[in-house]
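Novice:
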Amino acid sequence: MKYKSSPEEKNAIEGGTLYLVATPIGNLADLSERAIKVLSEVDFIAAEDTRNTGKLLSCMGISRPMVSYYEHNKRERGPVIVERLQAGESCALVSDAGTPAISDPGEDLVRLCAEAGVSVTSVPGCCAAITALTLSGLPTARFTFEGFLPVDNRPRKERLAALKKHTETMILYEAPHKLRTTLTDLAATLGEDRYIALCRELTKRNEEIFRTTIGGAIDRYKAEDPRGEYVLIIGGGDGAVEESLAATLRLLPTCEHVAYYEKTGMKRMDAIKATAKDRNVPKNVVYRIVCEEEKYIDPSDYEDFSAIP
Ligand code: SAM
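Per my numbering, the very first residue in the sequence shown carries number 592; after that it's consecutive.
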């Protein structure tokens, strides 16, 4: 669908400019009209993986010269790209998926450009971290982006220890083959009861948001192999976790909300009280819903509520 652009918009392709072009994280239809225009018109494209980007360009019927720019050639390739920009060429930087410079070497190229006085602009779009955060059900007002946890033992331990101090929502990226180890490390640091949303295969056919606790995620992946790409959204500590947990539990059907508290070891009556508090409803309302669901209740479970009809 073509729209009439406004004179306020930054649309002309300018020489000597690096364009950070966000690409889809799984659904090709998420590539914006502006991204297609920029990719079609720049002098060259710097791609993290030229084969992947080649496929994307060919789906869109775009043909532009490409150079590779990735973790293991960024030191030599970065200055060459900056020289071409200084000579007046325009370049689009694309990562494998999502927004360049988020957990990929794009940040180094932006820094080199900034140091050399080369202009950089953005063609915004998908970012797995923000997509997952908004779907998690956790507070979004304050969050920390952690990217991938380090692999080496010492920096990994230090980073995990630092996570303990966060009271805001945390965002982590993880590959499927490392998910189990990361969940085990997170449980050891933050506890099994910490709320987590595992956001998988976002924008793809098998997209899934699994809202649970770290312990619940460990249990699931004992029986099942992790598949696809994951973003982990973890509730903040202290007061924030209670608030975020309650906010998320409110998204569950009432009986599952009660069942969650029972699994933590609470007596059923206490679980009903806690659920009522989270949902800001009288406890007899929760009680009735549980009764209706279960048809039969042992009255001794509910002696506090014996006056309730
Ligand atoms: N620059 C990208 C962005 O803006 O999101 C992130 C690049 S990082 C190298 C790749 C990681 O992003 C994956 O390991 C995974 O954690 C996450 N990711 C990318 N696409 C995803 C998707 N469709 N669903 C879930 N996570 C995804």
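All C-beta atoms in this analysis are idealised placements derived from N, C-alpha and C, irrespective of residue type, glycine included. Since the model is a prediction, treat every value here as computed from it, not as a measurement.
Just to confirm the assignment: which complete beta strand (DSSP E) runs, minimum length 3, are found wholly within the region 641-683?
Specialist: The region 641-683 contains these whole beta strand (DSSP E) runs: 657-659.
Novice: Relative to the alpha-carbon of LEU740, which residue among ARG750, ILE604 and THR794 has its alpha-carbon at the smallest distance?
Specialist: Taking the first residue of the sequence shown as 1, we reach residue 740 at position 149. Checking every option, the nearest Cα to that of LEU740 belongs to ARG750.
Novice: For LEU789, write down the residues that DSSP places opposite it in a beta bridge.
Specialist: Against the sequence shown, residue 789 aligns to sequence position 198. The partner list for LEU789 (beta bridge, DSSP) reads PHE801 and LEU823.
Novice: Does the Cβ-Cβ distance between ALA637 and ILE672 come in under 7 Å?
Specialist: Numbered from 1 along the sequence shown, position 46 holds the residue referred to as residue 637. Numbered from 1 along the sequence shown, position 81 holds the residue referred to as residue 672. A contact, by the Cβ cut-off of 7 Å.
Novice: Is it buried or exposed, THR608, if we count other Cβ atoms within 10 angstroms and call 16 or more buried?
Specialist: On the sequence shown, residue 608 is found 17 positions in, with the first residue counted as 1. Counting Cβ neighbours within 10 Å, THR608 comes out buried, since at least 16 surround it.
Novice: Quick check: is any heavy atom of the ligand SAM less than 6 Å from the C-beta of THR690?
Specialist: Looking up residue 690 in the sequence shown gives position 99. Flag set: Cβ of THR690 near the ligand SAM.
Novice: Considering GLU737, what are the terminal residues of the beta strand (DSSP E) in which it resides?
Specialist: The residue given as residue 737 occupies position 146 in the sequence shown. Where GLU737 is concerned, the enclosing beta strand (DSSP E) stretches over 734-738.
Novice: Say yes only if the C-beta of GLY617 is nearer than 6 Å to one or more non-hydrogen atoms of the ligand SAM, and no if none qualify.
Specialist: The residue given as residue 617 occupies position 26 in the sequence shown. GLY617: yes, Cβ under 6 Å from the ligand SAM.
Novice: The beta strand (DSSP E) with ILE636 in it runs from where to where?
Specialist: The sequence position of residue 636 within the sequence shown is 45, counting from 1. First-last of the beta strand (DSSP E) with ILE636: 635-638.
Novice: Report back the beta-carbon spacing between VAL633 and ILE653 to the nearest angstrom; my notes put them in contact at under 8 Å.
Specialist: Here the question's residue 633 lines up with position 42 in the sequence shown. Here the question's residue 653 lines up with position 62 in the sequence shown. Not a contact, Cβ separation roughly 10 Å.
Novice: Confirm the yes/no value for this check: CB of SER694, any heavy atom of the ligand SAM, distance under 6 Å.
Specialist: For the purposes of this step, residue 694 is taken as the residue at position 103 of the sequence shown. Yes, the beta carbon of SER694 sits closer than 6 Å to at least one heavy atom of the ligand SAM.
Novice: Mark SER897 as exposed unless 16 or more other C-beta atoms lie within 10 angstroms of its C-beta, in which case mark it buried.
Specialist: The residue labelled residue 897 in the question sits at position 306 within the sequence shown. The pLDDT assigned to SER897 is 47, lower than 50, so where the model puts this residue is not dependable; a value taken from the coordinates is nonetheless given after this. Burial call: exposed.
Novice: Measuring only the C-alpha atoms, how far is ASP754 from GLY828?
Specialist: In the sequence shown, counting from the first residue as 1, residue 754 sits at position 163. In the sequence shown, counting from the first residue as 1, residue 828 sits at position 237. Checking the displayed sequence, the identity of residue 754 turns out to be Leu instead of Asp. Those two C-alpha atoms are separated by around 9 Å.
Novice: Could you check how far apart the C-beta atoms of LEU729 and ILE824 are, in whole angstroms? I think they sit under 8 Å.
Specialist: Position 138 of the sequence shown holds residue 729. Position 233 of the sequence shown holds residue 824. At roughly 6 Å, the Cβ-Cβ gap stays under 8 Å, so LEU729 and ILE824 are in contact.
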